[in-house]
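For the sequence shown, counting from 1, position 292 maps to 292 in UniProt numbering; every step adds exactly one.
All C-beta atoms in this analysis are idealised placements derived from N, C-alpha and C, irrespective of residue type, glycine included.
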Amino acid sequence: MPGRTKYLLDETDMPTQWYNIAPDLPEPPPPPLHPGTGEPAGPDDLAPLFPQELIAQEVSDQSYVDIPGAVLDVYRLWRPSPLFRARRLEKALGTPARIYYKYEGVSPVGSHKPNTAVPQAYYNAAEGITRLTTETGAGQWGSALAFACATYGLDCEVWQVRASYDQKPYRKLMMETYGATLHPSPSELTGAGRAVLAEHPDSTGSLGIAISEAVEMAAADQGARYALGSVLNHVLMHQTVIGEEALRQFELAEDTPDVLIGCTGGGSNFGGLAFPFLREKLAGRSGVDIRAVEPAACPTLTRGTYAYDFGDTAGLTPLLKMHTLGHEFIPDPIHAGGLRYHGMAPLLSHIYELGLIGAQAIGQRECFAAGVQFARTEGVIPAPEPTHALAASIQEALRCKETGESKAILTALCGHAHLDLPAYGAYLSGAMTDNELSESDLEQSLAGLPAGG
Numbered sequence: 001m002p003g004r005t006k007y008l009l010d011e012t013d014m015p016t017q018w019y020n021i022a023p024d025l026p027e028p029p030p031p032p033l034h035p036g037t038g039e040p041a042g043p044d045d046l047a048p049l050f051p052q053e054l055i056a057q058e059v060s061d062q063s064y065v066d067i068p069g070a071v072l073d074v075y076r077l078w079r080p081s082p083l084f085r086a087r088r089l090e091k092a093l094g095t096p097a098r099i100y101y102k103y104e105g106v107s108p109v110g111s112h113k114p115n116t117a118v119p120q121a122y123y124n125a126a127e128g129i130t131r132l133t134t135e136t137g138a139g140q141w142g143s144a145l146a147f148a149c150a151t152y153g154l155d156c157e158v159w160q161v162r163a164s165y166d167q168k169p170y171r172k173l174m175m176e177t178y179g180a181t182l183h184p185s186p187s188e189l190t191g192a193g194r195a196v197l198a199e200h201p202d203s204t205g206s207l208g209i210a211i212s213e214a215v216e217m218a219a220a221d222q223g224a225r226y227a228l229g230s231v232l233n234h235v236l237m238h239q240t241v242i243g244e245e246a247l248r249q250f251e252l253a254e255d256t257p258d259v260l261i262g263c264t265g266g267g268s269n270f271g272g273l274a275f276p277f278l279r280e281k282l283a284g285r286s287g288v289d290i291r292a293v294e295p296a297a298c299p300t301l302t303r304g305t306y307a308y309d310f311g312d313t314a315g316l317t318p319l320l321k322m323h324t325l326g327h328e329f330i331p332d333p334i335h336a337g338g339l340r341y342h343g344m345a346p347l348l349s350h351i352y353e354l355g356l357i358g359a360q361a362i363g364q365r366e367c368f369a370a371g372v373q374f375a376r377t378e379g380v381i382p383a384p385e386p387t388h389a390l391a392a393s394i395q396e397a398l399r400c401k402e403t404g405e406s407k408a409i410l411t412a413l414c415g416h417a418h419l420d421l422p423a424y425g426a427y428l429s430g431a432m433t434d435n436e437l438s439e440s441d442l443e444q445s446l447a448g449l450p451a452g453g
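Take a look at the structure:
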């Protein structure tokens with residue numbers, strides 16, 4: 001069909017398995033370590049935080065894991081999600097490039113996060129857990145877990161990074177509508193929160209601090225477990241339904257991507273789109289160039305150190321080998337709250353170290369300029385996080401304009417900005433500034449890495 005805009009799959013075409021990239025990598029990723037012994041962490045070390053099925057998925061050596069039928073039933077509320085050809089953006093840029101975006105904003109909460117929130121709530125409920133605790137930055141993950149907990153009758157308690165809690169009041173209302181209890185982090189409810197507030201009473205918080213609070217509360221309650229929205233292997237695996245669908249949709253488009261670009265904070269959205277395409281590349285069936293884009297204010301891949309570090313600020317989690325800015329790092333309160341994490345998913349960090357993907361960092365004003373241009377051409381107002389991928393996609397499309405190349409560019413539009421409009425207000429009014437991490441602040445943060453990390 002000439003001029004086709006969207007490529008849709010039927011519910012019967014929805015993937016029935018998640019893809020685990022770890023067994024297909026040329027080298028296995030380093031294991032998590034027990035912080036006390038320095039030895040690889042085993043299932044028993046993770047049992048206080050996660051149900052057994054998720055622990056099994058975390059360490060699985062199988063390339064595919066079946067998606068339970070009960071989870072597929074919930075997925076059908078929004079999956080398969082559409083793949084769009086951004087023809088109006090292409091025309092505005094005057095580029096010969098073909099720009100596609102996989103749109104996850106069609107989910108009930110407006111982002112990709114329910115792809116893992118639903119199975120996490122399902123497995124916990126199946127093991128008799130009655131309450132889940134978690135952290136959230138921008139609020140997309142907290143909203144998704146609140147929705148999933150409502151689906152399976154679980155209580156949900158969320159610690160939201162203070163900066164985002166103040167910036168995004170409607171996220172609080174969304175979570176409460178689904179039945180969740182929400183606290184700004186750092187809070188007085190936990191030892192981890194009180195320790196931060198004692199030293200920094202006006203702390204704007206971080207995902208690392210919020211994780212510490214949620215983990216502390218889950219570990220103290222036998223009927224509770226902790227749920228994480230990114231970073232861990234099983235989380236990225238659940239998100240691969242995005243890339244598996246996109247592969248089938250490119251068959252409908254009779255095209256194949258030359259460049260794949262996604263935003264990265266903890267890594268779930270990026271890994272979910274990229275991993276199935278990387279599988280094809282490793283098998284020699286694709287030559288796609290895969291790139292991760294992160295904020296200049298929180299440049300984990302591009303400026304962080306590859307080392308063992310805690311996933312949280314208080315040091316309650318196992319040690320993860322990842323690109324990190326240091327678990328004590330407190331990022332500037334940029335509007336892309338979902339990308340303000342000190343570490344990167346161990347799997348993505350390992351893949352980056354192997355040279356299988358590239359990375360770049362972009363300031364938030366360029367990203368919001370890309371978001372505005374996308375909104376005025378394609379109609380969707382992107383969440384602050386995917387504007388990073390859009391900015392890099394526009395850069396690539398303009399390079400194609402200079403060279404005359406007609407590349408196919410695929411990007412992940414992982415959510416809409418209907419509850420993030422104050423961020424656009426800051427950009428449109430000229431109040432938004434770029435925050436770039438200084439070398440001195442980076443050195444200070446990295447000095448707090450665990451010994452031998």
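Between which two residues does the alpha helix (DSSP H) harbouring K102 extend? Segment R98 to Y103 is the beta strand (DSSP E) holding K102; no alpha helix (DSSP H) there.
Collapsed DSSP secondary structure at K407 in the structure displayed: Looking at K407 - three-state DSSP - the assignment turns out to be coil, as it is neither helix nor strand.
In the DSSP assignment, the beta strand (DSSP E) including Q17 goes from what residue to what residue? It spans Q17 to Y19 - the beta strand (DSSP E) in which Q17 sits, taken as one unbroken run.
Based on the DSSP secondary-structure assignment, which residues constitute the bridge partners of V259? Looking at the DSSP assignment, V259 forms a beta bridge with D289 and I409.
Q360 to E366 span [Cα, whole Å]: Computed Cα separation, rounded: 13 Å.
Are the beta-carbon atoms belonging to Y306 and P450 less than 8 Å from one another? Contact flag unset, no.
Is the segment 145-155 close to the segment 189-208, with three or more CB pairs under 8 Å? Proximity of the segment 145-155 to the segment 189-208 falls short of the contact definition, fewer than three beta-carbon pairs being nearer than 8 Å.
Which stretch, first to last residue, makes up the alpha helix (DSSP H) that contains C414? Secondary structure note for C414: it is in no alpha helix (DSSP H), with a DSSP letter that is neither H nor E.
Closest to F277 by CA distance: which of E39, L410 and A345 is it? For the residues E39, L410 and A345, the minimum Cα distance to F277 belongs to L410.
When you compare only the Cα positions, how much space is there between Y7 and W159? Each residue's Cα considered, the two are about 37 Å apart.
Residue 454 lies in the alpha helix (DSSP H); which residues open and close that run? Residue 454 lies beyond the residue range present for the chain, which begins at 1 and ends at 453; the question has no answer from this structure.
Contacts around L247, its chain only, beta-carbon distance under 8 Å, and the 5 residues preceding and following it disregarded: Only P276, F277 and E280 meet the Cβ criterion.
In terms of alpha-carbon separation, which member of I99, N124 and P31 lies closest to E378? Comparing alpha carbon positions, the residue from I99, N124 and P31 closest to E378 is I99.
For A150 and Y178, what's the separation of their Cα atoms in angstroms? One Cα belongs to A150, the other to Y178, and the distance between them is close to 6 Å.
Compute the beta-carbon to beta-carbon distance between L348 and G404, rounded to the nearest angstrom, for a pair I have assumed lies under 8 Å. About 33 Å; that fails the 8 Å criterion.
Cβ-Cβ distance between R171 and L356 below 8 Å: Against a cut-off of 8 Å, the Cβ pair of L356 and R171 comes out as no contact.
Look at the alpha carbon of S406 and the alpha carbon of A86, and state the distance between them as a whole number of angstroms. Rounded to whole angstroms, the separation of the alpha carbons of A86 and S406 is 14 Å.
C-alpha gap between D258 and Q249, whole angstroms: Pairing D258 with Q249, the inter-Cα distance amounts to about 15 Å.
In whole angstroms, what is the alpha-carbon distance linking Q120 and L54? Computed Cα separation, rounded: 7 Å.
Give the range of the alpha helix (DSSP H) segment to which Y165 is assigned. Unbroken alpha helix (DSSP H) run through Y165: R162 to Q167.
Curious, which full-length beta strand (DSSP E) runs of at least 3 residues does the segment 340-401 contain? Correct list: 358-362.
What does DSSP give as the partner residue(s) for W159 in the beta ladder? According to DSSP, W159 bridges with E135 and H183.
Just to confirm before moving on: does the CB-CB distance between K168 and G128 stay below 8 Å? Between K168 and G128, the C-beta spacing is not below 8 Å.
Under 8 Å by Cβ, that's how I've got G208 and D312 pegged, so tell me the actual separation to the nearest angstrom. Their Cβ separation, rounded to whole angstroms, is 5 Å, which keeps G208 and D312 in contact under 8 Å.
Roughly how many angstroms lie between the CA atoms of G42 and P15, to the nearest whole one? Straight-line measurement puts the Cα of P15 at about 30 Å from the Cα of G42.
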